[in-house]
Amino acid sequence: METFATSFKLKNTYRVNSIIYSIKGLPLVRKILPDSLYKNKGLKVLGNIISAIWEIAGTFLGKIIYITFMIVFMSYLFDTDKGNTFLHIFLFLTLAGSVLNTYLFNPSKDKYYAIIIMNMNANKFALSNYCYSMLRVVIGFMPVTVISGMLYGIPLWICIALPFFVVMSKMTAIALDILKYKKTGTASNENMPTKGYWIFVGIMIAAAYIPPFFGIVINFNIFTILLTLSFIIGIVSLIQIYSFKDYKKLYKLILTTENVYAFKNATSSDAVKINMAKRIDYDKDIASTKSGFAYFHELFVKRHSKLLTKAVKKQTLFIIIIFAMIIMISYIVPDIKENLNTIALTYLPYFVFIMYFLNRGTVITQAMFMNCDHSMLTYKFYRRPTVILSIFKERLKTLIRINLLPSSFIGIGLATLLYVTGGTEDPLNYLVLFISINAISIFFSVHYLVLYYLLQPYNINTKIKNSTYIVVQYLTYFICFFMMQFKLPTLFFGIACIIFSISYCLISLMLVYKLAPKTFKIRL
Amino acid sequence: MKLIIKDLKKSFEKKEVLNGINFEFEKGKIYGLLGRNGAGKTTLFNCINEDIPIDAGDFYIEDENGSKPAPEYIGYVLSTPNVPEFLTGREFLKFFIEINEHKIKDKKDIDLYFDLMKINESDRDKLMKDYSHGMKNKMQMLVNIIASPDVLLLDEPLTSFDVVVAEEMKQMLKSIKDNHIIIFSTHIMELALDLCDEIVILNKGILEQIDKNYLDSDSFKNKIIETLKEE
Chain A
0 METFATSFKL KNTYRVNSII YSIKGLPLVR KILPDSLYKN KGLKVLGNII SAIWEIAGTF
60 LGKIIYITFM IVFMSYLFDT DKGNTFLHIF LFLTLAGSVL NTYLFNPSKD KYYAIIIMNM
120 NANKFALSNY CYSMLRVVIG FMPVTVISGM LYGIPLWICI ALPFFVVMSK MTAIALDILK
180 YKKTGTASNE NMPTKGYWIF VGIMIAAAYI PPFFGIVINF NIFTILLTLS FIIGIVSLIQ
240 IYSFKDYKKL YKLILTTENV YAFKNATSSD AVKINMAKRI DYDKDIASTK SGFAYFHELF
300 VKRHSKLLTK AVKKQTLFII IIFAMIIMIS YIVPDIKENL NTIALTYLPY FVFIMYFLNR
360 GTVITQAMFM NCDHSMLTYK FYRRPTVILS IFKERLKTLI RINLLPSSFI GIGLATLLYV
420 TGGTEDPLNY LVLFISINAI SIFFSVHYLV LYYLLQPYNI NTKIKNSTYI VVQYLTYFIC
480 FFMMQFKLPT LFFGIACIIF SISYCLISLM LVYKLAPKTF KIRL
Chain B
0 MKLIIKDLKK SFEKKEVLNG INFEFEKGKI YGLLGRNGAG KTTLFNCINE DIPIDAGDFY
60 IEDENGSKPA PEYIGYVLST PNVPEFLTGR EFLKFFIEIN EHKIKDKKDI DLYFDLMKIN
120 ESDRDKLMKD YSHGMKNKMQ MLVNIIASPD VLLLDEPLTS FDVVVAEEMK QMLKSIKDNH
180 IIIFSTHIME LALDLCDEIV ILNKGILEQI DKNYLDSDSF KNKIIETLKE E
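Just so you know, the protein sequences line up as chains A and B, in that order. Mapped onto numbering that gives the first Met the number 0, the consecutive letters of the first sequence carry residue numbers 0 to 523. Mapped onto numbering that gives the first Met the number 0, the consecutive letters of the second sequence carry residue numbers 0 to 230.
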């Protein structure tokens with residue numbers, strides 16, 4: 000209990016500090032707050048409140064979303080008995096989740112700090128925190144299983160037993176992992192499941208959704224038997240977990256720096272840098288005949304072809320296949336032609352979101368920083384305005400070219416789709432479709448690169464130091480996401496897109512030429 | 000040629016790091032910059048290299064005739080080497096030489112530069128991501144030397160080298176010092192005493208030179224430590 004209290008305090012302290020840190024990172028606020036604010040009582044209280052809300056939301060929110068979307072919504076797809084379907088999907092998804100989400104084998108930062116850095120008693124830490132996380136599972140699931148279960152006419156006692164079923168199957172999975180560790184000396188990291196796990200998870204997910212499609216679901220009696228069985232196995236497992244005394248050794252295996260930082264903090268860490276460095280491919284034949292900036296840039300592009308050109312080629316192939324399939328289907332099932340025609344004529348805003356997802360801007364600018372600018376910006380010659388702008392120009396050309404490949408095929412695909420599904424009265428639509436999709440693609444390419452040059456967010460340790468950058472990134476996402484809500488005539492929306500893209504590009508390029516020599520530097 | 004710093008001030012929020020630096024660095028000498036952890040050595044370098052804006056004061060390079068040429072090029076070798084890992088050593092040098100063509104006075108063949116740094120022929124065409132720490136450091140130093148900057152700032156440069164290479168680098172620095180102002184920050188006092196012509200101490204935000212001439216080596220060391228300990 001004491002160990003738990005200490006470890007919980009520890010976790011809370013760094014959570015509060017990171018909340019304060021991100022508050023301090025916000026533009027405007029940054030200027031007002033002094034460095035000594037980590038001592039500030041009021042902020043600490045605010046941080047604690049946010050932290051508590053976080054803890055509570057973490058307990059309930061995920062589970063509500065999970066049950067609603069993965070089970071309740073899905074059950075409407077099938078014609079089977081709703082109560083049984085609910086139990087069916089719940090059963091198999093729980094089994095899949097039991098190996099994917101173990102808590103004990105998750106290489107999280109709080110474990111790393113407590114066990115590796117603070118040298119806390121690993122056995123006590125593991126067991127007390129495990130108890131707490133299982134308690135959270137029960138409390139978090141209880142309201143949503145009871146409410147949704149009752150709505151489906153599932154007996155109350157089953158609804159109450161469901162959260163315990165989750166705990167029991169998780170404990171069984173852990174007991175098996177511990178057994179495996181005892182036998183082989185290897186520990187599983189839940190964030191890097193082996194092939195065997197994936198196969199198991201795949202089978203379970205398939206078992207959850209495919210049989211109901213054919214009208215087969217487990218019935219109430221089978222579920223009761225399985226429930227009882229799980230309690231017996233679960234209790235045996237609990238004894239196993241409780242009597243295991245080697246958590247320290249086990250955690251030393253799981254909690255390597257690489258594991259801990261690889262997943263919890265994927266956007267800003269050494270792991271990303273290592274990952275990025277791995278993507279440099281050196282082939283003796285890769286060379287460049289150019290000189291100066293062009294030489295430098297060409298080598299960068301060629302050595303990162305996996306990340307740059309090969310990835311978009313795959314995308315393009317995928318897009319061609321999808322359009323080919325849709326067009327084929329429209330011939331096989333002519334009834335949907337009309338729907339497809341409407342999509343081509345009114346769903347263009349949807350494609351803003353798709354283009355957002357296809358655009359490689361974020362990854363590419365990240366690679367530019369990690370593998371190139373991170374080191375080059377420490378050289379003064381590289382920060383001369385002429386150098387910055389010359390390289391910017393080369394990069395912009397490449398980025399636009401790379402992203403235009405998939406987008407031009409989407410443009411052609413949409414225009415073709417429009418044609419084969421009955422065409423349109425105004426032939427201008429074809430042209431607008433094609434041009435606007437490409438304009439959106441160019442917009443995203445310019446957007447990401449300009450953002451990178453104007454807000455260069457990384458510091459020398461490749462951590463993101465600029466909250467404005469993050470805010471703008473999220474804003475981009477939300478705007479694109481909201482675009483999906485609109486259904487506008489292609490002609491109107493397309494032309495608006497083209498005009499917007501052109502003016503955005505002009506303005507932002509002007510800004511870069513004016514400001515980038517000052518803004519494009521490593522954050523301190 | 001001199002690097003003149005006048006009343007340079009820099010603070011971070013309320014913490015004054017550089018509190019009015021006044022100093023003249025002369026060509027042909029290697030200056031050893033000593034200071035305790037957090038004294039502001041790197042901040043001083045960052046200011047001179049124009050990485051961060053200064054709060055007050057001025058610094059400039061003055062040539063023999065008393066005129067002030069623009070600080071054409073300041074070389075700054077960081078303690079952690081940063082080289083573009085997707086290039087080979089040779090490609091990096093080629094790129095660097097091409098875009099600095101007008102500044103490099105007596106351009107040599109790339110291999111001669113590698114020879115200067117004693118970089119093995121087998122390593123010259125490898126990607127720099129496969130270079131060792133010391134090798135990367137050599138490349139970084141080389142790039143800074145090729146352009147023959149007026150001022151060369153070295154932040155803890157020799158600590159990552161093995162003893163043999165460290166000795167080579169020391170000789171190399173001595174051989175080029177006639178044409179440069181070299182400022183060398185270090186924690187290792189023996190290195191500073193051995194390599195540097197002048198010892199400068201950064202303490203409480205102020206630079207002061209320790210007169211090396213009239214003290215013997217032991218009392219000189221004590222003097223440095225005394226100065227550093229002053230609160």
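Here a beta-carbon is modelled for each residue, glycine too, at the ideal position from N, C-alpha and C. All values reported here derive from a predicted model rather than from experimental measurement.
Listed as beta-bridge partners of Ala55(B) by DSSP are Lys8(B). Chain-order list of chain A residues neighbouring Ala146(B): Phe380, by C-beta distance under 8 Å. A Cβ of chain A is located within less than 8 Å of the beta carbon of Ile73(B). Among the residues of chain B, those whose CB is under 9 Å from the CB of Asn370(A) are Pro83, Glu84, Phe85, Lys128, following chain order. Between Leu339(A) and Ile325(A) a beta carbon distance of about 7 Å is seen, short of the 8 Å cut, so the two are scored as contacting. Residues of the region 49-62 of chain B that bring their beta carbon within less than 9 Å of a beta carbon in chain A comprise Glu49, Asp50, Ile51, in sequence order.
Taking CB atoms only, Val150(B) has no neighbour in chain A less than 8 Å away. Using a 10 angstroms sphere on the CB of Thr385(A), the tally of other CB atoms stays under 16, which defines it as exposed. For Leu77(B), the residues of chain A that pass the 7 Å Cβ criterion are Thr377, in the order they occur in the chain.
Using a 10 angstroms sphere on the CB of Thr193(A), the tally of other CB atoms stays under 16, which defines it as exposed.
The closest CA to that of Thr255(A), considering only Val71(A), Tyr111(A), Ile521(A), Ile66(A), is found on Tyr111(A).
In this chain, the alpha helix (DSSP H) harbouring Asp114(B) covers 109-116.
Residue environment: Arg35(B) is assigned as exposed (fewer than 16 neighbouring CB atoms within 10 Å of its CB, all protein chains considered).
The region 94-114 of chain A makes no contact with the region 144-155 of chain A, as fewer than three CB pairs between them are under 8 Å.
With fewer than 16 other beta carbons inside 10 angstroms of its own, Ala286(A) counts as exposed.
Where Lys313(A) is concerned, there is no enclosing beta strand (DSSP E), although the alpha helix (DSSP H) around it starts and stops at 310-331.
The C-beta separation of Pro80(B) from Lys125(B) comes to about 15 Å, leaving the pair out of contact by the 8 Å criterion.
Cβ contact annotation for Gly19(B) (same chain, cutoff 6 Å, sequence separation greater than five): Asp6, Lys8, in chain order.
Between Leu413(A) and Ala343(A) the beta-carbon gap is near 6 Å, inside 8 Å, which marks them as a contact. Any Cβ of chain B closer than 8 Å to the Cβ of Phe391(A) would place that residue at the interface, and such an atom is absent. Using a CB distance cut-off of 8 Å, Phe356(A) does not count as an interface residue toward chain B.
Rounded to the nearest angstrom, the Cβ distance from Ile47(B) to Ile73(B) is 6 Å, consistent with a contact under 8 Å. Here Tyr346(A) carries a coil assignment [DSSP, helix/strand/coil]. Contact of Val142(B) with chain A by beta-carbon distance below 8 Å involves Tyr378. Between Phe368(A) and the set Gly291(A), Phe519(A), Ile234(A), the nearest pair of CA atoms involves Phe519(A). Each of Tyr447(A), Thr467(A), Ile441(A) was checked against the Cα of Ser500(A), and the nearest Cα belongs to Ile441(A).
Around Leu237(A), the same chain offers Met170 as residues with beta carbons nearer than 7 Å, after the five sequence neighbours per side are excluded. Under the 10 Å beta carbon count, Asn143(B) is surrounded by 16 or more other beta carbons and is classified as buried.
Straight across, the Cα-Cα distance linking Tyr418(A) with Ala515(A) is about 45 Å. Taking a C-beta distance under 8 Å as the contact criterion, Ile70(A) and Phe89(A) qualify as a contact pair.
No Cβ of chain A is located within less than 8 Å of the beta carbon of Glu120(B).
Our two residues, Asn118(A) and Ser50(A), have alpha carbons roughly 24 Å apart in a direct line. According to the DSSP assignment, Glu166(B) belongs to the alpha helix (DSSP H) that extends over 162-175. A Cβ-Cβ contact shorter than 8 Å links Leu388(A) with Tyr512(A). Taken atom to atom, the span from the alpha-carbon of Phe433(A) to that of Tyr349(A) is near 15 Å. Between Phe477(A) and chain B, the shortest Cβ-Cβ separation is not below 8 Å.
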